[in-house]
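Student: Quick note: the sequence shown uses this note's numbering, first residue 2, plus one each step.
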Amino acid sequence: MQHHAHHEDEALENVKEFPFTDKDFQAISQLITGLTGIVLKYEKKTLVYSRLAKRLRSLKMGSFSQYCKYLESPSGKGEISFLINAITTNLTRFFREEHHFHHMRDVVIPSIVERYRKNPTAENRRVRFWSAGCSSGEEPYSLAMTLAAHMPAGFDVKILATDIDTNMLQKGKNGLYKDGEGIPTEYLKRFCSKNADGTLQMERNIRDLIIFNPLNLLHQWPMHGPFQSIFCRNVVIYFNKETQMEIFNKMAALLDPKGWLFIGHSESLFKVCDAFVLKGKTTYTLGTQS
Ligand SMILES: C[S@@+](CC[C@H](N)C(=O)[O-])C[C@H]1O[C@@H](n2cnc3c(N)ncnc32)[C@H](O)[C@@H]1O
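1. My understanding is that Gly-260 touches Asp-275, with C-beta atoms under 8 Å, so please give their C-beta distance in whole angstroms.
2. Ligand 1 heavy atoms versus the CB of Thr-89: any closer than 7 Å?
3. DSSP state of Leu-177, grouped into three classes?
4. Using only alpha-carbon positions, find the residue among Thr-89, Ser-269, His-104 that is nearest to Phe-96.
5. Ordered along the chain, which non-local residues of its own chain (more than five positions away) have a Cβ less than 7 Å from that of Gln-202?
6. Taking only heavy atoms of ligand 1 into account, decide whether any of them is closer than 7 Å to the Cβ of Thr-284.
7. In the DSSP assignment, what are the bridge partners of Tyr-285?
8. Please determine, among Phe-213, Thr-186, Pro-153, Gly-265, the residue with the shortest C-alpha to C-alpha distance to Asn-168.
9. How about Asp-25 and Cys-69: do their beta carbons lie closer than 8 Å?
10. Let me check understanding here. Comparing Cα to Cα, which of Ile-211, Glu-139, Ala-162, Gln-221 lies closest to Gly-181?
11. Could you tell me if Asn-235 is buried or exposed, where buried requires 16 or more neighbouring beta carbons within 10 angstroms of its beta carbon?
12. Starting from the Cα of Asn-206, find the closest Cα among Gly-199, Ile-160, Asp-166 and give me that residue.
13. Evaluate contact between the stretch 239 to 259 and the stretch 57 to 71, counting only Cβ atoms and requiring at least three cross-stretch pairs below 8 Å.
14. Would you call the stretch 151 to 160 in contact with the stretch 107 to 116, where contact means no fewer than 3 C-beta pairs closer than 8 Å?
15. What do you reckon, is the C-beta of Arg-234 under 7 Å from a heavy atom of ligand 1?
16. Figure out for me which residue from Asn-86, Ala-87, Leu-60, Asn-91 has the closest Cα to the Cα of Ser-76.
17. When the Cα atoms are used, what is the spatial distance from Ile-211 to Ser-269?
18. Look at the alpha carbon of Arg-208 and the alpha carbon of Tyr-142, and state the distance between them as a whole number of angstroms.
19. If distances are taken between C-alpha atoms only, which option among Pro-185, Trp-131, Asn-241, Val-278 comes closest to Pro-215?
20. Considering only the beta carbon of each residue, do Phe-83 and Arg-56 sit closer than 8 Å?
21. How about Thr-89 and Asp-157: do their beta carbons lie closer than 8 Å?
22. Can you list, in chain order, the residues of its chain with a C-beta nearer than 8 Å to that of Phe-271? Leave out the 5 residues immediately preceding and following it.
23. Which of the three DSSP states, helix, strand or coil, is assigned to Cys-69?
24. Under a three-way DSSP split, which group does Pro-121 fall into?
25. Please report how far the alpha carbon of Lys-46 lies from the alpha carbon of Lys-190, in whole angstroms.
26. For a test of the three-state rule: what should DSSP assign to Asp-301, helix, strand or coil?
27. Are the CB atoms of Phe-263 and Thr-283 within a distance shorter than 8 Å?
28. Using DSSP bridges, identify the partner residues of Asn-214.
29. Taking 7 Å as the line, does the beta carbon of Thr-93 fall inside it for any heavy atom of ligand 1?
30. Grouping DSSP H, G and I as helix and E and B as strand, with all else coil, what is Ile-81?
Here it is, written out as structure tokens:
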């Protein structure tokens, strides 16, 4: 049976290097929920263990109780961001839920172009997108490549990419990836270059479209909008309903009246936020729009 066990569970079963009481788990999970919105159910205990074991080892600590005390102490203040970075789940990939990028190409971009053609103001030339919870950057880069390929020249285009995890933001800024899995061949040729070691570098002109900034979605948002599209995919899934409501209502206020919201494949705004109407698979516009 053992070979079926998830490797993170195995870490706990086989090692049990650090005592980890339920009380320790409660303390860490409460701290995490308060800081990030992420609700850690009890079944996540083994996951939390394996995410933090390495850290305890390098801090030369003997138990999770000791780590919890450290987190509460004044000297442990700097540890908080490490804890957050360790606990967040950053799974992502290029052109994940590809249909959103097709929608961008076939509907969003043409409508932005058409609006400018009818009314060529500076305001209509300014095009802003937001990838909220961008992880290591695959999502904003997928968007950037789609825009670079399909937006006519002359628009002032920027993508804001934010996340709470500072390690992931650094990866995004570097624009350096193990490979280009998921990127259409045509985009690979146009917007990426292969390094001698096989890694993939996003080209300067694509990187320049994106601004990576730290932002905790639970904190105040400094942006004013309007955004023509917001991607908030697979980020709020572990948040409680009230937090989700607050976040989506704030997003509604920042969205262009004709803008779009894209959420994750397993998410829904049903009974969460009625500011939006469903227009396609996990694809929304504002309800005020006819
Ligand atoms: C599973 S990834 C999703 C990445 C990408 N949006 C996608 O769908 O492929 C979730 C991201 O949300 C971020 N996150 C979690 N809580 C957050 C919060 N309170 N504020 C901002 N980002 C958060 C995590 O750091 C992680 O990078």
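Ideal Cβ positions, reconstructed from N, Cα and C, are used throughout, including at glycine.
Tutor: Quick answer:
1. With 8 Å as the limit, Gly-260 and Asp-275 do not qualify as a contact, their Cβ atoms being about 17 Å apart.
2. yes
3. strand
4. His-104
5. Gly-176, Leu-177, Cys-193, Ser-194, Asn-196.
6. no
7. Tyr-285 is bridged to Leu-262, Leu-279.
8. When only C-alpha atoms are compared, the closest one is Phe-213.
9. The beta carbons of Asp-25 and Cys-69 sit closer together than 8 Å.
10. Glu-139
11. buried
12. Ile-160
13. no
14. With the rule of 3 Cβ pairs closer than 8 Å, the stretch 151 to 160 counts as touching the stretch 107 to 116.
15. Because some heavy atom of ligand 1 lies under 7 Å away, the Cβ of Arg-234 counts as near it: yes.
16. Leu-60
17. 27 Å
18. C-alpha separation (whole angstroms): 8 Å.
19. Trp-131
20. yes
21. no
22. none
23. helix
24. coil
25. 44 Å
26. Lying before the first or after the last residue shown, residue 301 is absent from the chain, which here runs from 2 to 291.
27. Yes.
28. Answer is Thr-163.
29. yes
30. helix
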